[in-house]
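Chains as they are written, first to last, in my numbering: chain A, 11 to 321; chain B, 11 to 321; chain C, 11 to 321; chain D, 11 to 321.
Number of protein chains: 4
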Amino acid sequence: MAHHSFVPTTYHRTLGPHEPALVIAPGDSVTTQTVDARGCDRDEQQVTDPGNPMTGPFFVEGAQPGDTLVVVFEQIVPNRRRGITSPRIAANVLEPGFRVRHADDIDECVWEIDAQSQTARMVAPDSSLSSIALPVEPMLGCFGVAPSGGQAISTATSSTHGGNMDYRRFAPGATVYFPVFEPGALFFLGDGHALQGDGEIVGTGIEISMDVSFHVEVVRDHPISWPRAEDAEYLMTVGNARPLDQCVQHATSEMVRWLEEDYRLEPLVAHSLLGQRVEYDVGNVFDPAYTMVCKIRRRLVEQLSTGAAAG
Amino acid sequence: MAHHSFVPTTYHRTLGPHEPALVIAPGDSVTTQTVDARGCDRDEQQVTDPGNPMTGPFFVEGAQPGDTLVVVFEQIVPNRRRGITSPRIAANVLEPGFRVRHADDIDECVWEIDAQSQTARMVAPDSSLSSIALPVEPMLGCFGVAPSGGQAISTATSSTHGGNMDYRRFAPGATVYFPVFEPGALFFLGDGHALQGDGEIVGTGIEISMDVSFHVEVVRDHPISWPRAEDAEYLMTVGNARPLDQCVQHATSEMVRWLEEDYRLEPLVAHSLLGQRVEYDVGNVFDPAYTMVCKIRRRLVEQLSTGAAAG
Amino acid sequence: MAHHSFVPTTYHRTLGPHEPALVIAPGDSVTTQTVDARGCDRDEQQVTDPGNPMTGPFFVEGAQPGDTLVVVFEQIVPNRRRGITSPRIAANVLEPGFRVRHADDIDECVWEIDAQSQTARMVAPDSSLSSIALPVEPMLGCFGVAPSGGQAISTATSSTHGGNMDYRRFAPGATVYFPVFEPGALFFLGDGHALQGDGEIVGTGIEISMDVSFHVEVVRDHPISWPRAEDAEYLMTVGNARPLDQCVQHATSEMVRWLEEDYRLEPLVAHSLLGQRVEYDVGNVFDPAYTMVCKIRRRLVEQLSTGAAAG
Amino acid sequence: MAHHSFVPTTYHRTLGPHEPALVIAPGDSVTTQTVDARGCDRDEQQVTDPGNPMTGPFFVEGAQPGDTLVVVFEQIVPNRRRGITSPRIAANVLEPGFRVRHADDIDECVWEIDAQSQTARMVAPDSSLSSIALPVEPMLGCFGVAPSGGQAISTATSSTHGGNMDYRRFAPGATVYFPVFEPGALFFLGDGHALQGDGEIVGTGIEISMDVSFHVEVVRDHPISWPRAEDAEYLMTVGNARPLDQCVQHATSEMVRWLEEDYRLEPLVAHSLLGQRVEYDVGNVFDPAYTMVCKIRRRLVEQLSTGAAAG
């Protein structure tokens with residue numbers, strides 16, 4: 011169970027069967043860095059092209075198609091002072107023909123992160139918003155494994171392999187489960203946000219470079235259909251598709267599978283519990299594939315479970 | 011500012027320009043009852059046909075098209091011991107072709123409400139779920155005003171006039187704002203749930219009859235496009251449509267209008283604040299029109315507002 | 011089998027359980043007129059408010075809930091020289107944020123119909139399009155019966171009862187089948203178009219008043235779920251909903267029901283025939299509910315049918 | 011302007027920046043073969059894994075990002091006697107919960123192609139459908155270029171680069187235009203159908219191997235956003251996405267760009283012409299991305315055009 015410190019020198023704008031950047035073993039932990047969505051590092055130097063450049067991939071020894079990769083995020087910490095947002099809600103999030111009333115020539119907003127108070131403040135352009143400091147909630151917008159069938163898929167979008175999901179609870183303390191499609195799983199990560207609203211409706215969180223620590227495990231012979239996750243409060247399943255209705259279908263079906271097959275809930279109990287206690291979160295409604303998360307309080311499931319809680 | 015006690019004797023399965031059941035004035039409060047979605051009252055007697063029968067309509071004196079009707083829910087309390095749920099997640103919420111694994115012949119589940127502990131427990135059919143008591147969260151699934159253009163719209167669905175939104179925060183303490191389309195607004199209410207998950211994915215909450223208290227106000231010459239609401243924590247706007255993507259468009263556009271036109275936020279501030287702090291909730295993904303709610307913490311908006319906070 | 015000449019004096023902007031304008035019997039035919047979508051008659055006089063005002067309703071004696079109403083359109087003929095279109099493709103039909111490049115201040119286009127050559131020509135605003143004469147294809151955009159459950163639904167939209175479907179093959183020679191929800195069925199018609207593209211993407215066809223002749227029949231105890239139609243070439247089923255994907259689901263399911271239950275095709279044959287020979291047409295992608303039509307050449311079905319061809 | 015005869019020996023299940031199978035020049039023509047969707051060749055021998063294996067890629071000398079690749083299909087001819095279809099309409103094309111009534115254990119249907127009469131007949135399983143011979147309409151379901159950003163995208167789906175569009179007018183005589191994203195464009199083709207209904211609703215056409223002849227051209231410095239096509243009757247633009255509403259948006263926007271930027275129609279004329287004369291076809295409603303085609307009669311456009319008709 012080694013600990014690796016990894017400093018990236020190359021980046022990827024697709025998740026695919028790329029040359030491993032580092033080989034690690036199940037149980038190993040990694041401390042590394044991610045550049046921001048525009049390819050800028052901790053010194054605000056542009057070190058690679060924009061478009062959610064990824065650190066990695068990390069080849070996990072022994073991970074084989076049909077396994078589940080487990081990634082536990084220990085730390086996700088902004089490693090510089092300034093982050094960037096876009097200034098307008100995306101056209102696809104507003105009614106067709108809705109007229110945005112602020113100037114076309116504003117094309118980005120600058121936020122300053124105060125590491126001590128753990129808050130962010132919008133400092134440019136000048137506006138009343140600079141009077142408010144918002145607590146930061148660092149998260150990773152885009153991460154995942156090499157997709158199925160030898161594909162290489164843009165970090166602009168997402169699917170069964172993860173990718174650009176932009177979901178707020180993918181934060182320190184979250185454990186995320188991915189289906190393994192390629193030998194070694196090939197784990198990528200990047201696109202840090204110091205803060206983000208539901209849906210990433212302006213097309214960005216507060217885009218910033220990050221220091222990240224995580225460790226990995228592998229569950230053998232345990233195929234899953236969509237990413238799963240858990241944290242201290244919730245079990246979560248992720249659907250990435252369009253429209254949101256289809257995200258709901260994938261995420262809900264995957265949750266039923268998880269509760270019935272892994273937690274061994276009777277079907278009637280799984281349906282009835284979800285019926286009265288399920289919650290949904292919007293990941294993103296901006297990217298080519300949208301993201302919706304189905305979640306249920308883990309305590310409820312654990313009270314009812316008669317099986318092992320494999321991810 | 012009178013207080014009315016109103017016992018319904020007839021019910022409506024459409025929201026439309028129906029004969030007023032009671033005439034009330036702005037400022038008046040009303041205590042009344044609603045039957046459950048199946049038309050059963052506090053004694054579990056079927057007193058009207060099933061299909062979300064509504065109490066009302068209440069004619070609010072002076073309310074005219076172009077005004078906003080304000081409804082403040084003071085109390086929503088189950089008035090009997092037993093509620094009903096459906097036993098399976100609806101086919102449209104699961105992946106096409108997903109096979110539900112429990113028996114076709116189970117067609118309803120019975121829950122008992124414990125008024126003292128304020129919890130609900132599923133008591134039939136027999137299952138492990140009976141070991142858990144869930145705290146109740148009473149709410150109204152369906153309420154609203156007579157729709158635009160002289161329409162009479164089924165209580166199965168929803169639109170700009172409200173209707174069957176099945177949203178969990180429409181609970182005691184919520185203030186809801188509706189566009190007025192008909193003289194007197196014509197307010198209807200019903201479809202109480204002792205508890206409901208996001209999305210109403212089994213097609214029901216815990217369906218139960220309710221005692222309800224509310225009062226009304228009217229904001230003159232203040233047209234709004236979609237229902238708005240607020241409670242102690244949030245400002246909320248509601249989009250009722252399909253797919254969920256369109257709900258997001260309506261709810262988000264209405265929130266921008268509210269923040270810019272009523273709370274007088276600069277457009278750049280409204281967009282940037284929502285971008286990093288908006289939250290979305292799923293009302294229902296079961297009814298003919300789905301419901302998505304856009305919400306923002308009212309404290310943030312009030313800190314930034316330079317205008318009056320009209321609903 | 012009487013023939014009625016009916017001159018409307020009042021119009022409806024909802025399809026609902028309204029007072030019959032005329033009582034007719036199965037087998038009867040009717041000759042009548044419709045005003046255009048803006049409420050203007052054959053003399054271009056505004057005789058009622060805009061918004062697809064309907065002629066009718068016609069009460070068909072003996073039609074009961076659970077029956078199918080059959081409407082055969084014999085004649086749909088523009089009864090004046092000028093029609094109107096909107097000048098821009100609707101925002102919801104274009105990519106979010108797409109910028110339309112012509113002037114905002116053009117708000118309608120005028121077309122002249124040449125009755126002799128049966129063509130239409132856009133004569134204002136002045137443009138190169140005036141050099142082309144397009145053959146007219148008269149059709150009715152909005153017609154149908156009183157909806158289910160006592161609803162009154164705006165003529166802006168459509169559902170199981172028909173309504174504003176804006177489908178080009180609803181033209182002279184078409185037979186259309188509707189589920190009967192109210193005693194007498196209550197048939198309404200209007201919204202004539204001298205010509206229309208698929209989807210009604212500018213929000214109008216060439217809007218014009220019409221002379222219409224039709225006759226009606228009733229099929230007893232024959233419930234259908236969605237409108238069906240036929241003409242010399244095709245059997246057609248109609249889905250009215252959003253998104254278009256859901257229209258496809260309704261229209262295709264209704265076609266399978268028609269082929270299996272009425273034409274008595276084996277299920278394997280119905281699926282395999284549709285798989286390789288089905289066609290889809292877009293009715294509208296402009297109205298609150300979109301319309302998609304599923305069609306199959308009637309000759310193919312009739313060759314395979316072992317049952318009676320009830321509508 | 012060479013003519014190449016190319017016999018494939020390897021196949022790809024992604025469209026991506028793969029090693030060229032053959033280098034050709036603008037103006038060159040190619041005669042080659044495609045295996046069927048299951049990887050079976052003209053002798054019904056399985057020569058590669060199933061999943062729309064592609065012949066190619068063909069590297070077109072001089073094609074650069076920002077150019078348009080022009081592919082003209084001269085011949086698409088089934089090169090064996092038997093084709094395969096799936097026996098049931100896909101669950102996503104039917105109403106949620108719709109029960110298919112034929113046996114689960116039928117998993118494919120066999121069709122025989124009569125080369126002389128150019129017809130197809132379903133010969134197994136035994137059914138009344140064997141009494142009908144349907145004229146074949148050979149087409150290619152999946153073809154396109156290497157996608158943007160170095161992606162490799164599964165032949166199960168489609169996007170701006172083409173892919174698995176399953177559109178019936180991609181038949182002999184069609185010219186198809188693709189945006190070039192990679193040097194040499196890298197053209198792939200396969201997934202032949204002897205016949206297919208709109209939407210590919212059973213998930214297959216009559217799947218068969220093909221002999222194909224095509225030639226290529228390159229339009230320099232002419233970026234397009236979505237595939238375009240033309241044949242003797244129509245100009246066509248293609249949107250590949252979900253839901254169908256989004257396909258309509260892409261296809262319609264691309265048609266407006268084509269008419270305004272290449273055919274130089276005034277914006278008012280482009281909108282008004284499409285408004286009354288546009289047609290939409292469904293490509294597929296089965297694959298992960300659906301396909302909708304926007305088409306307009308080329309004669310109408312050419313009458314109005316004052317510019318050159320570049321693809």
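Idealized CB from N, CA, C, for every residue including glycine.
- For residue 143 of chain C, no Cβ of chain A is located within less than 9 Å of the residue's own Cβ.
- Counting C-beta pairs with one atom in each stretch, the region 132-151 of chain B and the region 190-208 of chain B have three or more that are closer than 8 Å, which means they touch.
- Straight-line spacing of the CA atoms in residue 312 of chain A and residue 273 of chain A works out to 8 Å.
- Nearest C-alpha to residue 249 of chain C among C/101, C/125, C/167: C/167.
- Within the region 86-106 of chain B, 100, 101, 102, 103, 104, 105, 106 place their CB atoms closer than 9 Å to a CB of chain D, listed in sequence order.
- Within chain D, the residues placing a beta-carbon under 7 Å from that of residue 132 of chain C are 282, ordered along the chain.
- Boundaries cannot be given for residue 275 of chain D, as no alpha helix (DSSP H) includes it and DSSP labels it neither H nor E.
- If you draw a straight line from the Cα of residue 263 of chain D to the Cα of residue 71 of chain A, it comes to about 48 Å.
- In the three-state scheme derived from DSSP, where H, G and I count as helix and E and B as strand, residue 292 of chain D is classed as strand.
- Setting aside the 5 residues that flank it on each side, residue 176 of chain C is surrounded in the same chain by 151, 210, 293, 294, each with a C-beta closer than 6 Å to its C-beta; the list follows chain order.
- Collapsing the DSSP output to three states places residue 72 of chain C in coil.
- Look at the region 249-275 of chain C: the residues with a C-beta under 7 Å from a C-beta of chain A are 253.
- At least 9 Å separates the CB of residue 63 of chain D from every CB of chain C.
- Secondary structure of residue 159 of chain B (DSSP, three-state): helix.
- Taking a C-beta distance under 9 Å as the contact criterion, residue 169 of chain B and residue 61 of chain B do not qualify as a contact pair.
- A direct Cα-to-Cα measurement between residue 131 of chain A and residue 50 of chain A gives close to 20 Å.
- Residue 154 of chain B and residue 191 of chain B do not touch by the CB rule: their CB atoms are close to 10 Å apart, not below 8 Å.
- For the set D/35, D/310, D/46, D/288, the Cα lying nearest the Cα of residue 208 of chain C is the one of D/288.
- Contacts between residue 118 of chain C and chain D, judged by CB atoms closer than 8 Å, are missing: the closest CB pair is about 11 Å apart.
- Contact between residue 84 of chain A and residue 182 of chain A holds: their C-beta atoms lie close to 7 Å from each other, under 8 Å.
- Residue 235 of chain B is outside the set of residues whose beta carbon lies under 9 Å from a beta carbon in chain C.
- Counting of Cβ neighbours within 10 angstroms places residue 22 of chain A among the buried residues, the total reaching 16 or more.
- For the C-beta of residue 189 of chain D, not a single chain C residue is nearer than 7 Å; the gap to the nearest is close to 15 Å.
- In its chain, beyond the 5 residues on either side, 270 have a beta carbon closer than 7 Å to the beta carbon of residue 277 of chain A.
- Contact note: residue 23 of chain B reaches chain C through 159, 160, using a C-beta cutoff of 8 Å and chain order.
- The residues 98, in chain order, have a CB closer than 6 Å to that of residue 110 of chain A in the same chain once the five nearest residues on each side in sequence are set aside.
- Residue 178 of chain D is classed as buried because its beta carbon has at least 16 other beta carbons within 10 Å across all chains shown.
- Across the set A/198, A/159, A/193, the C-alpha of A/198 shows the shortest separation from the C-alpha of residue 172 of chain A.
- Neighbours of residue 135 of chain C in chain D, taken as residues at a C-beta separation under 8 Å, are given in chain order as 278.
- Per DSSP, the unbroken alpha helix (DSSP H) holding residue 260 of chain D starts and ends at 254-267.
- Rounded to whole angstroms, the separation of the alpha carbons of residue 231 of chain A and residue 195 of chain A is 13 Å.
- For the options C/233, C/260, C/265, C/107, the alpha carbon positioned closest to that of residue 240 of chain C is the one of C/265.
- Assigned with DSSP and collapsed to three states, residue 26 of chain B falls in coil, not helix or strand.
- 9 Å or more divides the Cβ of residue 158 of chain C from the Cβ of residue 119 of chain D.
- From the beta-carbon of residue 216 of chain D, the residues of chain C found nearer than 7 Å are 286.
- Separation of residue 76 of chain D and residue 246 of chain C (C-alpha to C-alpha, rounded to the nearest whole angstrom) is 43 Å.
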